[in-house]
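Residue numbers (the working numbering), protein chains in the order written: chain A, 1 to 325; chain B, 326 to 694; chain C, 695 to 971; chain D, 972 to 1117.
What follows is the structure in structure tokens.
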């Protein structure tokens, strides 16, 4: 990590960039916060380890409007989001200096805690070049868990170790995929209509309408969200019965369909653990099936499938025909 | 003091539920929150921290305040219909307001932790202040709190900074205090309401003596002292610090990662801001109240503009409210109880502890300079 | 139906009269359905007026408490609620709850003093309640000066009342001004703060200011130039409100809630607050 | 459940594009081709105007079925509106099926202004289908129910 910090300091010192967006050490060993570093001195608090899961590309919307270049640290999957933001003219590429950083999968503290770990006072083995096991020092004794056992859900469906955009790449990433990216979607598709309904009802009824999924989403970059509009009859904050949540999550997924890079931030941030990526993945899978494979953010020039068409597109009735067959 | 074996807890639940609605930590799709004790409920009583606080029981995320029934009177309605006149003019429409019924049945919140009890005290200072909020008061009058010692506090807990004793729930402003120790649940009524509840469920208990929980208390205290934030300093906060803290340069940087979501607000046991909105139903208008967050950009939006325009101002509002404005109004009491839910849940790992520490750090730096 | 009445639950009111004041301001007379006033209030207090299904908003009660027959609200059309209010007609029902907030200290501090009212545009609405209260209890107060300005002659609210009533009360001086020259207007032309300095009031009075924020800012500077001190100037603030009882948490400026601790503040009090209004 | 003479009468919302399908409905009417009065037509400029939110909102407010009618592909008054609508509706319907909303409560049909007969047949078929599915309970808002 010291090498990385030195490199960032050098970039600041030679004037290549005016600021760096990265992560700052947390007050605990597992909660770094995304932060803006304006000086070499501030970089002393910089950290990059297994808990730096946050996708920093959305912070570049504001940062690239500032004077001077902003360096941003992007993991391979984050680089797709950045490309998509370029595609939508939300960031100024000329004002960005992208450092592709290596990733070996990011850790999910909730998953660690679910294994029975509590009262964590220190964590070791989470650096990029660290060990294969993570050691938790806790108030109730030390515990060891394999690094790969406690990754964020999205990392098990890793998109790959290559950065799709970067000015320089530091370190070597690992592809951590162990399952098909649509396996979870297929499992739900195989359910009966009533089972599907029960499944989503149970999950979505946990929603507290905090909007974290929307606010963290790099695709949800509208200046004013339709769900915040006073002119539109949404019951934004009322979680009165299951309808509003369904409406919100379906429409939100729909609004990012064809643009969602499948970065998985929505599921990572949900305070109630709702697997929101299942909506986005469903749209991606359908788009792939109906209109040809498409990965948003892979190519900043590519046309989104929902702003395009062909004369031969399938008819909507395919949905009911398909489910019968 | 009374006791019951942990294996027989469901007998206690049934006994309580016979006369009251019982609310306790229930696991649903992997997440534990306070919910009703119903057939098939997956009770997770040893959960230290539910995802949401139990404030929902007194200040629900959504509640109807009143219904308005609206009737348009056709312009050609004959004058004989007496209802068409009021206040000396011909009426074009009539409205009638019907207040939603208040809660009138007792309910028990079982397993609420001492920090969350304190959170309800914080809410009391707001909702029971004149003019009293009757919707809240009715729930307070009918709610019975069975508070439980925190056997295994975690690193995100910092309740001791606010003078809360997680080892001894009998110090909390609740009705019954309970401990889980050596395979038993120990029960002690600490208020008249609690005694009445005890009387009604007495048959499931055996007698026990006070000393049974001393070892547990001591072990909890031992852990509490070791928590990383046990000695979080609140010296810079409280009454009369408004000007010094409000204009601090610390706010300029610290808010930046904030997503402006409402996670911290909605999981917080003391956040009490709400919105009032209308819903047009088939036969009238339902006016409801729902949680709101000062982190949202539309929170203070008016027709002529917004007085807290930037996320910095909104971020500052939330923490100043908890650590300065509220203490100013309530004799130094903080509007934070150290439950640590925001510490666990903030998507960007930003939280009140980091804010407090950032201010301490900036003071230390100033001292050096 | 529950018998408990909560302060959040409103009363039904009937619109018994609507006056077009200006192209975008209407004054609504409101009565209880059985006749009479919905509630008593003091000058400067506000009420939450609601069109069910649309929204609810805080409006100052512009009629004086000395008016025993009805209450009035002067409302400018500027958002979704006020648009709907403007589309209502006599005989329509709305809901009203109140009164909320504090009031101008008409029975204590103001008593026996000379008063200087400075208003801009719709800012006259909250002051009109005080002015009429003082006029109706004329002997309790000294000299009354009213400086009122608006964008144009058409935008002067309650012009008829000003000309026919206020101007004819003894020891009441009314100064009107409009921002730009206009055909048929032979009065003063210019912004309120400039006119204030032109007239140059003496400091033996209490200043009561209400208007757009930018006007308040410059009027304050003007008054200071004339020698006024902050503790002899009052104003009334407004922020977004939902509950009106200091609980919903949005209208605070520092540790003060505008709805409960305000809306009337003295300027030395306002100066102690953080600049979030 | 809205029952008339012991029979379930579904509420159907039909979004019809101004240029073709609304004309088709008109023709059905002026040709005295009857279809159930349960169908409430909402005229939109183009099938491409139909926002997915319209459909969900209709269900929330008590609709049992929603059908979108537009010009035949290639005949759109605005050249391409219905092509976009086709993609959107395909994805939306697939999503509704995915979250467990019964198949058949939504439908897209291309009806030209000359196809009064097709309009009648489509509506009759759709009403029958929704009738067989019964009342929409999965996507409604409780507050809007009788």
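From the three backbone atoms N, C-alpha and C, an ideal C-beta is built for every residue, glycine too.
Please read these numbers as outputs of a predicted model, since none were measured by experiment.
- [ ] For the segment 587–598 of chain B and the segment 362–371 of chain B, state whether three or more C-beta atom pairs, one from each stretch, are separated by less than 8 Å.
- [x] no
Task: Within-7 Å CB hit, residue 256(A) to chain B - done: Taking CB atoms only, residue 256(A) has no neighbour in chain B less than 7 Å away.
Task: Buried or exposed by the 16-neighbour rule on C-beta atoms within 10 Å, applied to residue 880(C) - done: exposed
Open item on the list: Quick check: is the beta carbon of residue 706(C) nearer than 7 Å to any beta carbon in chain B?
Closed with: yes
Open item on the list: If the criterion is Cβ atoms closer than 7 Å, does the pair residue 992(D) and residue 1088(D) meet it?
Closed with: Going by C-beta atoms, residue 992(D) is not nearer than 7 Å to residue 1088(D).
Open item on the list: Let's see if you can read the secondary structure: which residues bound the alpha helix (DSSP H) around residue 1088(D)?
Closed with: Counting along the chain, the unbroken alpha helix (DSSP H) around residue 1088(D) starts and ends at 1087–1104.
Task: residue 280(A), buried or exposed, once every other Cβ within 10 Å from all chains shown has been counted against 16 - done: Residue 280(A) sits buried, since 16 or more C-beta atoms from the chains shown fall within 10 Å of its C-beta.
Task: Interface residues of chain A facing residue 1101(D) [CB-CB closer than 7 Å] - done: Going along chain A, no residue has its Cβ under 7 Å from residue 1101(D), so there is no contact; the nearest lies around 13 Å.
TODO: Measure the beta-carbon distance from residue 326(B) to residue 562(B) and round it to whole angstroms, keeping in mind my assumption that it falls under 8 Å.
DONE: Not quite, the Cβ-Cβ distance comes to about 38 Å (not below 8 Å), so this is no contact.
Task: Candidates 567(B), 686(B), 636(B) and 663(B): closest to residue 650(B) by CA position - done: 567(B)
Task: Proximal chain D residues relative to residue 315(A), where beta-carbon distance stays under 8 Å - done: Near residue 315(A) (Cβ distances below 8 Å), the residues of chain D are 1057, 1061 and 1079.
Open item on the list: Could you compute how far the alpha carbon of residue 46(A) sits from the alpha carbon of residue 1016(D)?
Closed with: The straight-line gap from Cα to Cα measures roughly 55 Å.
TODO: Spatial neighbours of residue 407(B) within its chain, please: CB distance less than 8 Å, with the 5 preceding and 5 following residues excluded, ordered by chain position.
DONE: With a pLDDT of only 48 at residue 407(B), under 50, the local geometry of the prediction cannot be trusted, and no value is derived from it.
Open item on the list: I need the DSSP call for residue 330(A), collapsed to helix, strand or coil.
Closed with: In the structure displayed, chain A extends from 1 to 325; residue 330(A) sits before or after that span and is not available.
- [ ] Would you check if the distance between the CB atom of residue 294(A) and the CB atom of residue 257(A) is smaller than 7 Å?
- [x] no
Open item on the list: When you compare the CB positions of residue 291(A) and residue 300(A), do they come within less than 7 Å of one another, or not?
Closed with: no
Open item on the list: I want to verify the contact list: residues of chain A whose CB lies under 9 Å from the CB of residue 1074(D), in sequence order.
Closed with: Within chain A, the residues near residue 1074(D) are 193, 319, 320, 323 and 324.
- [ ] Verify the CB distance criterion: does residue 988(D) have a CB-CB separation below 7 Å to chain A?
- [x] Any Cβ of chain A closer than 7 Å to the Cβ of residue 988(D) would place that residue at the interface, and such an atom is absent.
- [ ] Please state whether DSSP places residue 146(A) in a helix, a strand or coil.
- [x] Reduced to three states, the DSSP call for residue 146(A) is strand.
Open item on the list: Just to confirm the assignment: which complete beta strand (DSSP E) runs, minimum length 3, are found wholly within the segment 749–811 of chain C?
Closed with: For the segment 749–811 of chain C, whole beta strand (DSSP E) runs of length 3 or above, ordered along the chain, are 749–754, 765–770 and 787–794.
Open item on the list: Do residue 704(C) and residue 791(C) have their beta-carbon atoms positioned less than 7 Å apart in this structure?
Closed with: yes
Open item on the list: Per DSSP, what are the beta-bridge partners of residue 89(A) in this structure?
Closed with: Partner(s): none; residue 89(A) has no beta bridge.
TODO: Classify residue 1015(D) as helix, strand or coil using the three-state DSSP reduction.
DONE: strand
Task: Under the three-state DSSP convention, the category residue 128(A) falls into - done: coil
TODO: Starting from residue 34(A), follow the beta strand (DSSP E) in both directions and report where the run begins and ends.
DONE: DSSP places residue 34(A) in the uninterrupted beta strand (DSSP E) bounded by 33–37.
Task: residue 255(A), DSSP secondary structure in three states - done: Under the three-state reduction of DSSP output, residue 255(A) falls in the helix class.
- [ ] State yes or no: is the beta carbon of residue 588(B) nearer than 7 Å to at least one beta carbon in chain A?
- [x] yes
Open item on the list: Just to check my reading of the structure: residue 667(B) and residue 589(B) have Cβ atoms closer than 8 Å, yes? What is that Cβ distance to the nearest angstrom?
Closed with: 4 Å
Open item on the list: Along the chain, where does the alpha helix (DSSP H) containing residue 350(B) start, and where does it finish?
Closed with: Not the alpha helix (DSSP H): residue 350(B) falls in the beta strand (DSSP E), residues 346–353.
Task: Partners in chain A for residue 638(B), counting only beta-carbon separations shorter than 9 Å - done: Per Cβ cutoff of 9 Å: no residues; residue 638(B) is ~16 Å from chain A at best.
Open item on the list: Rounding to the nearest angstrom, what Cα-Cα distance links residue 948(C) and residue 657(B) in this structure?
Closed with: 15 Å
Open item on the list: Spatial neighbours of residue 469(B) within its chain, please: C-beta separation below 6 Å, excluding the five flanking residues on both sides.
Closed with: 433, 500, 518 and 522
Open item on the list: On the CB-based measure, 16 or more other CB atoms within 10 Å of its CB, does residue 813(C) come out buried or exposed?
Closed with: buried
TODO: Return no unless some Cβ of chain A is closer than 7 Å to the Cβ of residue 1065(D).
DONE: yes
Task: Opening and closing residue of the alpha helix (DSSP H) in which residue 544(B) lies - done: Per DSSP, residue 544(B) belongs to the alpha helix (DSSP H) from 539–551.
Task: Where residue 131(A) falls, given that 16 or more other Cβ within 10 Å makes a residue buried - done: exposed
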